[in-house]
Amino acid sequence: MIFVMKKDATDKEIEDVIELIKKHGLKPHLSKGEERTIIGAIGDESIIRNLPFESFPGIENVVPILKPYKLVSRDFQNTNTVIEVDGIKIGDKNILVVAGPCAVENREILFETAKAVKEKGAKFLRGGAFKPRTSPYTFQGLGVEGLKLLYEAKMEFGLPIVTELMDPRDTDLLCKYADILQIGARNMQNFRLLLEVGKIDKPIILKRGLSSTINELLMAAEYIASEGNKKIILCERGIRTFETATRNTLDLSAVPLIKKLSHLPVFVDPSHGTGHWDLVAPMSLAAIASGADGLMLEVHPYPDRALSDGSQSLKPNKFSQLMEQIKRIAEIVGRSCE
Ligand code: PEP
Ligand code: MN
Numbered sequence: 004m005i006f007v008m009k010k011d012a013t014d015k016e017i018e019d020v021i022e023l024i025k026k027h028g029l030k031p032h033l034s035k036g037e038e039r040t041i042i043g044a045i046g047d048e049s050i051i052r053n054l055p056f057e058s059f060p061g062i063e064n065v066v067p068i069l070k071p072y073k074l075v076s077r078d079f080q081n082t083n084t085v086i087e088v089d090g091i092k093i094g095d096k097n098i099l100v101v102a103g104p105c106a107v108e109n110r111e112i113l114f115e116t117a118k119a120v121k122e123k124g125a126k127f128l129r130g131g132a133f134k135p136r137t138s139p140y141t142f143q144g145l146g147v148e149g150l151k152l153l154y155e156a157k158m159e160f161g162l163p164i165v166t167e168l169m170d171p172r173d174t175d176l177l178c179k180y181a182d183i184l185q186i187g188a189r190n191m192q193n194f195r196l197l198l199e200v201g202k203i204d205k206p207i208i209l210k211r212g213l214s215s216t217i218n219e220l221l222m223a224a225e226y227i228a229s230e231g232n233k234k235i236i237l238c239e240r241g242i243r244t245f246e247t248a249t250r251n252t253l254d255l256s257a258v259p260l261i262k263k264l265s266h267l268p269v270f271v272d273p274s275h276g277t278g279h280w281d282l283v284a285p286m287s288l289a290a291i292a293s294g295a296d297g298l299m300l301e302v303h304p305y306p307d308r309a310l311s312d313g314s315q316s317l318k319p320n321k322f323s324q325l326m327e328q329i330k331r332i333a334e335i336v337g338r339s340c341e
C-alpha cells in the first residue's frame, strides 16, 4: 500500500501515518521526493486496507501496489534510482562498464588487466576472490588474499571494486575491501544472504539466477530492499534454455521489461550470458541499445591461460575496440559512456 501525502503535509501528519503503519505490524518506507512524500506500508496489506484513512488530514491518496514486489516496483517509485559510488552515478544518463578478470589470479595479471581497462574507460574493476565453481576441484579463488589484491589495485588505478559475496559470514570482510558486492546467479535465491546484504550500506549487484524468471529476480531484490538497502543493481546474465550452442541464452528483452517494472538500474553481463568472447562485443552493443545502464565484462590479457572463463574473456585490445563502439551506440540511444 502506498500513502501519497498532500504537498503541504506537515511532519506531524507524516509521522502519524508512519505510526499507524507500525501499529498494525507493517513496515513503513519513507520516500521524500521534491514534490511530495510517499510512504510505503510493506507487509500484509489486508490488515490496513479498511482503515478510515479520511480521518488523516495529510493523506491525499491511498494506492494498493498490485505487484508482489513493492519497494523495487515503479508503482512505489516512478523516478529511476541513481546510486552513487565514489562520485560515479549508476543508473543515470552515463553508461558504466565494470571490467576485469573472472577471478583474481595473481597481482601481475590483475594489475595488467586493471591498467588496461582503466585506460579504455572502465569505471569499476571486477574480480572474484571467492568463486562459485561447478566443480569443487577447480580453482576456488584466492579468498582474502584476492580481496587484498583488489584493494591494492583500487589504490593503484583508482577503480572501485566489485566482487562476489557467497557466504553471509564473509559480509564484514568483503565490506572492508569492496565498493559493490555481487550476489551471483547461483545465490539469487539464497534468502539468508539477501537479507544479510539488505542490512548493509553498500550497493549490491544482484545477478539473475540461471533458471529464474524476471518476477523471481525482482522478488529477490525485494528481499534486499525490505531490510533497508535500496542500492540494488539488477544484472541480466543469461538463463538456461534448450540451446547449448551458447553457455546461456542472454535475455535482452529482460532489460526494457525490467526498466518498465522497476526503478532499479539494470546491467548486462554478456560474458557469462554467451560464454564466447567473440559474441561479447555484439551482445554488449545490443545490451546498450536495449536500454542497459551498464555492462559487466570479463577481460583477461592471456585468456588461454586463465584459471576460469578464459573462453569468454576479451583481450585488452578487443575491449578497447568495444569501448569505442559502445560510445557510439550510447549516443544513438541518448546516453553517453564517458
Ligand atoms: C561472475 O560474475 O563472476 C559470475 C560467477 O557470474 P554468475 O553468477 O552470473 O554466473
Ligand atoms: Mn566468470
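Each residue of the sequence shown is one higher than the one before, counting from 4 in the numbering used here. Virtual Cβ for every residue (Gly too), placed ideally from N, Cα, C.
Asked, Found
"Unbroken stretches of the alpha helix (DSSP H), 4 residues or longer, contained in the segment 231-287", "257-264, 273-277"
"Reference threonine 137, options Lys73, Arg189, Asp19, Tyr154, closest by Cα", "Arg189"
"Span separating the alpha-carbon of isoleucine 335 from that of alanine 290", "13 Å"
"Whole-angstrom C-beta distance between glycine 201 and isoleucine 3, which should lie under 8 Å", "Absent from the model: residue 3. The displayed extent of the chain is 4 to 341, so no value can be given."
"Beta-ladder partner(s) of phenylalanine 127, from DSSP", "Val101"
"Per-residue DSSP class, three states only, for leucine 220", "helix"
"Own chain residues within Cβ distance below 6 Å of proline 67, not counting five before or after", "Met4"
"Proximity to arginine 129 [Cα-Cα], best of Thr141, Phe114, Gln143, Tyr140", "Phe114"
"Of the listed residues Glu225, Asn232, Glu48, Ala295, nearest to histidine 27 (C-alpha basis)", "Glu48"
"Cβ shell of lysine 210 (< 6 Å), same chain only, five flanking positions each side left out", "Gly187, Ala188, Cys238, Arg240"
"Beta-carbon spacing of phenylalanine 127, leucine 99 below 8 Å", "yes"
"Of the listed residues Leu298, Pro306, Leu310, Glu111, nearest to leucine 363 (C-alpha basis)", "Residue coverage of the chain in this structure runs from 4 to 341, which leaves residue 363 outside it and unanswerable."
"Proximity winner among Val269, Ile242, Glu63, Glu246, relative to valine 20 (alpha-carbon distances)", "Glu63"
"Aspartate 312 beta carbon near the ligand MN (any heavy atom closer than 7 Å)", "yes"
"Contacting residues, own chain, Cβ-Cβ under 6 Å from glycine 306 (five flanking each side not counted)", "It should be noted that the sequence gives proline, not glycine, for residue 306. These residues qualify, in order along the chain: Gly313, Ser316."
"Proximity below 8 Å, CB of leucine 255 to CB of serine 293", "yes"
"One or two residues paired with phenylalanine 3 in a DSSP bridge", "Missing from the structure shown is residue 3; the chain here goes from 4 to 341 and no further."
"Under the three-state DSSP convention, the category proline 206 falls into", "coil"
"Contact under 8 Å by Cβ, alanine 284 with lysine 321", "yes"
"Three-state secondary structure assigned by DSSP to serine 34", "strand"
"Beta bridge counterpart(s) of phenylalanine 299 as assigned by DSSP", "For clarity, residue 299 is methionine in the given sequence; the question names phenylalanine instead. Paired residues: Val101."
"Anticipated Cβ contact below 8 Å, proline 273 with leucine 253, distance rounded", "6 Å"
"Best match in Lys25, Gly278, Lys157, Phe142 for proximity to arginine 110 [C-alpha to C-alpha]", "Lys157"
"Any non-hydrogen atom of the ligand PEP closer than 7 Å to glutamate 167 Cβ", "yes"
"Test item: CB-CB of threonine 97 and arginine 338 under 8 Å", "For the sequence presented, residue 97 should be read as asparagine rather than threonine. Against a cut-off of 8 Å, the Cβ pair of arginine 338 and asparagine 97 comes out as a contact."
"Alanine 106 - DSSP class collapsed to helix/strand/coil", "strand"
"Three-state secondary structure (DSSP) of lysine 92", "strand"
"Cβ distance (whole Å) where phenylalanine 3 is taken to contact leucine 310 below 8 Å", "Residue 3 lies beyond the stretch modelled for the chain, which goes from 4 to 341, so this question has no answer here."
"Residues of its chain near proline 60, where Cβ-Cβ distance is below 7 Å and the 5 sequence neighbours each way are ignored", "Glu16"
"beta-carbon alanine 290 near the ligand PEP non-hydrogen atom, thresh 7 Å", "no"
"Which listed residue (Glu199, Trp280, Gly161, Tyr72) has its alpha carbon closest to that of isoleucine 91", "Gly161"
"For lysine 123 and tyrosine 72, the rounded distance between their alpha carbons", "38 Å"
"Rounded separation between threonine 13 and aspartate 170 - CA only", "44 Å"
"Close-in-space but distant-in-sequence residues of the same chain around valine 7 (CB under 7 Å, 5 per side omitted)", "Arg39, Ile41, Glu63, Asn64, Val66"
"Residue range of the unbroken beta strand (DSSP E) whose run includes threonine 354", "Nothing in the structure corresponds to residue 354, since the chain is present only between 4 and 341."
"Leucine 221 and valine 75 closer than 8 Å at C-beta", "yes"
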